[in-house]
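The structure under discussion appears below in the form of structure tokens.
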Amino acid sequence: MGADEPAGPPELLIQRLREDAQVPERAYAGDAGLDLAACEAVELGPGERAVVATGLAVAIPEGYAGFVQPRSGLAATRGISVVNSPGLVDAGYRGEIKVVLLNTDPRETFTAEAGERIAQLVVLPVPALSVREVEELPPSERGTRGFGSSRAGRS
């Protein structure tokens with residue numbers, strides 16, 4: 009490759025910490041999320057939460073961060089969500105990726121077997137910003153209008 013040729017997309021490095029861990033992959037070309045699978049069986053009663061191991065560690069490139077998010081199918085059909093969604097994985101973190109699942113269904117127990125896809129990892133660029141304290145923020149059209157303000161005063 010010559011000096012003028014692009015280097016290609018950044019790489020997400022994956023390390024299996026357990027032999028039975030599944031390397032995440034996209035279900036379809038062009039999908040933003042990489043499916044994360046449980047590395048152990050888990051059972052969640054109604055309203056219960058659990059920290060579920062994936063058996064994987066990652067090296068996210070500098071300038072990027074990983075965001076662990078619910079799988080829409082599990083959320084819609086089983087009421088399974090990621091409690092701290094999105095769960096943040098910083099570029100410098102090298103420990104095991106774990107997913108904090110919550111069963112929001114009021115009646116049904118959720119069971120996931122080892123190898124079942126439970127969440128997705130989305131890796132996005134995160135610009136390095138400097139932080140500066142000011143006495144007053146510049147004005148904006150929205151101002152201080154917060155929760156529910158996008159529909160306020162509109163017909």
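To convert, count from 1 in the sequence shown and add 8; that's my numbering. Cβ coordinates follow ideal geometry from the N, Cα and C atoms, glycine included.
What are the start and end residues of the beta strand (DSSP E) that includes residue i?
| i | result |
| --- | --- |
| T45 | Checking the displayed sequence, the identity of residue 45 turns out to be Ala instead of Thr. Its beta strand (DSSP E) spans residues L42 to A45. |
| L82 | No beta strand (DSSP E) holds L82; the alpha helix (DSSP H) holding it covers S80 to R86. |
| Q23 | L21 to R24 |
| G63 | R57 to A67 |
| P133 | R125 to P133 |
Leaving out the 5 sequence neighbours to the left and right, which residues in its chain are closer than 7 Å to residue i when beta-carbon positions are compared?
| i | result |
| --- | --- |
| E56 | N111 |
| L25 | G63, L64, A65 and E104 |
| E124 | A45 and A46 |
So if DSSP puts residue i in a beta bridge, which residue, or which two residues, is it bridged to?
| i | result |
| --- | --- |
| P94 | Its beta-bridge partners do not exist; DSSP assigns none. |
| Y72 | P133 |
| S89 | L110 |
| T119 | E51 |
| Q77 | Q128 |
Is residue i buried or exposed, if buried means 16 or more other CB atoms sit within 10 Å of its CB?
| i | result |
| --- | --- |
| A120 | buried |
| S79 | Looking at the sequence shown, residue 79 is not Ser but Arg. That one is buried. |
| Q30 | buried |
| F168 | Nothing about residue 168 can be read from this structure; the chain reaches only from 9 to 163. |
| G41 | buried |
| L145 | exposed |
Beta carbon of residue i, beta carbon of residue j: below 8 Å?
| i | j | result |
| --- | --- | --- |
| E104 | P69 | no |
| L109 | A49 | no |
| L21 | A67 | yes |
| A73 | D98 | yes |
| D28 | A122 | yes |
| Q172 | V91 | Residue 172 lies beyond the residue range present for the chain, which begins at 9 and ends at 163; the question has no answer from this structure. |
| L96 | F75 | yes |
| P17 | L129 | no |
Within a Cβ cutoff of 6 Å, which residues of the same chain sit near residue i, ignoring the five residues on either side of it in sequence?
| i | result |
| --- | --- |
| A135 | Checking the sequence, you will find Pro at residue 135 rather than Ala. Within the same chain, P135 has no close Cβ partners at all. |
| K106 | V59 and A61 |
| D113 | P54 and G87 |
| S138 | none |
To which residues of the same chain is residue i closer than 8 Å at the C-beta, ignoring the five residues directly before and after it?
| i | result |
| --- | --- |
| G151 | none |
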